[in-house]
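Novice: Residue numbers (the working numbering): -5 to 256. Using N, Cα and C, we set each Cβ at its ideal position, and we do this for glycine too. Below is one structure. I have some questions about it.
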Amino acid sequence: MEKPVEQKPQWGFTDEDLATHSTVYADGILKDKVAIITGGGSGLGKAMAFLYARLGAKVIISSRREERLKTAAEAIRKYVGAEVEYKAMTIRDPDAVEALMDEVWERHGRLDILINNGGGQFPQDAIDFSRKGWLAVIDTNLNGTWWMMQEAAKRWRDHGQSGSIINIVAHVGRGMPQAAHTCAARAGVIYLSKTVATEWAPLKIRVNCIAPGTVETEGFHVYPAEALQRFHQTNPMMRMGDAWDIAEAAVYLAAPSGKFIT
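What follows is the structure, given as structure tokens:
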């Protein structure tokens, strides 16, 4: 019987693409490093999970959608041959964040890398935001990121371990119409990161941000055709990034190559 071929999505990468895409990094560069990736079931988070697993890291992915996490973990097992742990939870809940960190330390005895990729927003004119909508975005993109950062940093301090935090943010410097809520949250994360990068440097905790810009993922199907035709024009290189560009940047910051960057 002929083996079925994984259908190529209109946007983003197939699982097989993520397992075989060329990389500048040597095999094993992240061997035995323990990494948590929030929002790891799709898009940028999934690409980072694939690459980290390929490079030898022990990966834990989390998000609210268990089925999506399970599918991503099974794909990595199938195509990479690596076991990825997953935990369905919301980063909005500090108790759930604390429980996740406790589980990771109990199972692995350490954490080396935290990638805060989880988040969400919706397009709307700021004047029309509901209180619920505003608070939902701030709670996820700012507060949720902070709960993850703080719980990881406490444990690194208390165990005398070094650590690397990578926060996925947005290019908010010129404003983003219909995204004032996420601009407020992501700007908060950026300046929070700048501050604790200084505070936590003596603890050997590095904190960095990646602002991807317009990056092609499978989520592009929600945009109208006219917008898709203009996206590449937002970058002086006249191209969009892709999830692999961001995944490799996340490895650079977490690997020995980024040891002097915070």
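State the start and end residues of the unbroken beta strand (DSSP E) segment that holds R200.
Specialist: Looking at the DSSP string, the run of the beta strand (DSSP E) that includes R200 is 199 to 204.
Novice: Check whether the stretch 89 to 106 and the stretch 177 to 186 are in contact - that is, three or more C-beta pairs closer than 8 Å.
Specialist: The stretch 89 to 106 is not in contact with the stretch 177 to 186.
Novice: Under the three-state reduction of DSSP, which class applies to I132: helix, strand or coil?
Specialist: Note: I132 maps to helix in three-state DSSP.
Novice: Hey, out of L129, Q115, I199, whose CA is closest to Q155's CA?
Specialist: Looking at the Cα atoms, I199 is the closest of the given residues.
Novice: By how many angstroms is the C-alpha of Q118 removed from the C-alpha of I159?
Specialist: Straight-line Cα distance between these residues: approximately 30 Å.
Novice: Are G35 and I55 close, meaning C-beta to C-beta below 8 Å?
Specialist: Going by C-beta atoms, G35 is nearer than 8 Å to I55.
Novice: By how many angstroms is the C-alpha of A13 removed from the C-alpha of R48?
Specialist: Rounded to the nearest angstrom, the two C-alpha atoms are 7 Å apart.
Novice: Per DSSP, what kind of secondary structure is T208 in: helix, strand or coil?
Specialist: Three-state result, T208: coil.
Novice: Need the endpoints of the alpha helix (DSSP H) that A147 sits in, please.
Specialist: Per DSSP, A147 belongs to the alpha helix (DSSP H) from 139 to 153.
Novice: Using the Cβ count rule (16 or more neighbours within 10 Å means buried), how would you classify D236?
Specialist: Buried is the call here.
Novice: Helix or strand or just coil, what does DSSP make of K188?
Specialist: Reduced to three states, the DSSP call for K188 is helix.
Novice: Given A51, which residues of its chain have a CB within under 6 Å of its CB, disregarding the five upstream and five downstream residues?
Specialist: For A51, where only same-chain residues beyond five positions count, the Cβ hits under 6 Å are L24, K27, A29.
Novice: Note down the Cα distance separating W128 from A20, rounded to an integer number of angstroms.
Specialist: In a straight line, the C-alpha of W128 is about 43 Å away from that of A20.
Novice: Looking at C-alpha atoms only, which residue of F44, L63, G112 is the closest neighbour of I70?
Specialist: The candidate whose alpha carbon is nearest that of I70 is F44.
Novice: In or out: K321 buried (at least 16 other Cβ within 10 Å) or exposed?
Specialist: With the chain running from -5 to 256 in the structure shown, residue 321 is simply not present.
Novice: Taking the alpha-carbon positions, what's the E61 to G138 distance?
Specialist: About 21 Å.
Novice: Given this structure, state the Cα-to-Cα distance separating G169 from T134, to the nearest angstrom.
Specialist: Taking the straight line from one Cα to the other gives about 20 Å.
Novice: Going by the CB atoms, is the gap between W99 and R149 shorter than 8 Å?
Specialist: Yes, Cβ-Cβ distance for R149 and W99 is below 8 Å.
Novice: Taking DSSP's pairing of strands, which residues face K52 in a bridge?
Specialist: Answer by DSSP bridge pairing, in chain order: V28.
Novice: Relative to the C-alpha of N202, which candidate in A241, I240, S187, H165 has its C-alpha closest?
Specialist: Selected option, being the one with the closest Cα: S187.
Novice: Please report the residue range of the alpha helix (DSSP H) in which E79 lies.
Specialist: Per DSSP, E79 belongs to no alpha helix (DSSP H); it is in the beta strand (DSSP E), 79 to 82.
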